[in-house]
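> There's a structure below that I have some questions on.
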Amino acid sequence: MGTTNESLPFFTQFIRFRAKYSDLPTFTFFVVANSIVSAYLVLSLALSISHIVNGGAKKSRVVLIFFDTGMLALLTAGASAAAAIVYLAHKGNTRTNWFAICQQFNSFCERISGSLIGSFGAVVVLILLILLSAATLSRR
Numbered sequence: 001m002g003t004t005n006e007s008l009p010f011f012t013q014f015i016r017f018r019a020k021y022s023d024l025p026t027f028t029f030f031v032v033a034n035s036i037v038s039a040y041l042v043l044s045l046a047l048s049i050s051h052i053v054n055g056g057a058k059k060s061r062v063v064l065i066f067f068d069t070g071m072l073a074l075l076t077a078g079a080s081a082a083a084a085i086v087y088l089a090h091k092g093n094t095r096t097n098w099f100a101i102c103q104q105f106n107s108f109c110e111r112i113s114g115s116l117i118g119s120f121g122a123v124v125v126l127i128l129l130i131l132l133s134a135a136t137l138s139r140r
């Protein structure tokens with residue numbers, strides 16, 4: 001999403017329409033939310049590996065599940081907000097004169113749709129990770 005950029009000529013080569021992710025604050029929130037969640041998961045990986053090596057530390061596992069759930073909420077919020085804008089980009093809204101821009105900006109819409117699919121895939125994986133962690137913690 002962070003590298004989406006497309007411009008189209010309008011009448012001449014000197015006047016161009018452009019579409020970037022940073023033009024819409026919702027997409028900026030989407031990129032920031034995914035960056036925060038990715039950084040958290042990389043940092044929590046070391047703590048998770050130490051939990052696998054050491055059998056103890058039950059309280060820190062509960063804290064990890066708590067923070068994982070918070071990151072799930074942030075990731076879901078970013079993906080849901082971006083999904084609303086992607087829907088408007090594909091379908092438009094005639095009542096408010098918002099036109100469907102995906103008919104003109106094909107590459108832009110393909111990239112934002114692909115990143116949105118990846119983000120919702122990450123939501124599903126994070127849900128499974130939290131459920132697996134909670135089930136493992138409750139067994140001990």
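The sequence shown maps to residues 1 to 140 in the UniProt record's numbering.
Glycine included, each C-beta is placed from N, C-alpha and C at the ideal position.
Owing to the predicted nature of the structure, the values given are computational and were not obtained by experimental measurement.
1) Of the residues GLY78, ALA77, ILE101 and ALA79, which one's Cα is nearest the Cα of LEU88?
2) Leaving out five residues before and five after LEU24 in sequence, what residues of the same chain have Cβ atoms less than 8 angstroms from its Cβ?
3) Got a sec? Which residues, its chain only, sit under 7 angstroms from ALA81 by beta carbon, not counting five neighbours each side?
4) At 3 residues or longer, and completely inside the UniProt domain "Casparian strip membrane protein" (1–125): list those beta strand (DSSP E) runs for me, N to C.
5) Give me the Cβ distance between LEU64 and LEU47, rounded to the nearest whole Å; I'm assuming they're in contact under 8 angstroms.
6) Using only the alpha-carbon positions, how far apart do THR94 and GLN103 sit?
Quick answer:
1) Checking every option, the nearest Cα to that of LEU88 belongs to ILE101.
2) Here the set comprises ILE85.
3) Taken in chain order, the residues that qualify are THR26, PHE29 and PHE30.
4) Entirely contained in the UniProt domain "Casparian strip membrane protein" (1–125), the beta strand (DSSP E) runs reaching 3 residues are, in chain order, 5–10 and 12–20.
5) Between the beta-carbon of LEU64 and that of LEU47 there is about 7 angstroms, and that keeps the pair under the 8 angstroms contact cut.
6) Cα to Cα, the separation comes out at about 15 angstroms.
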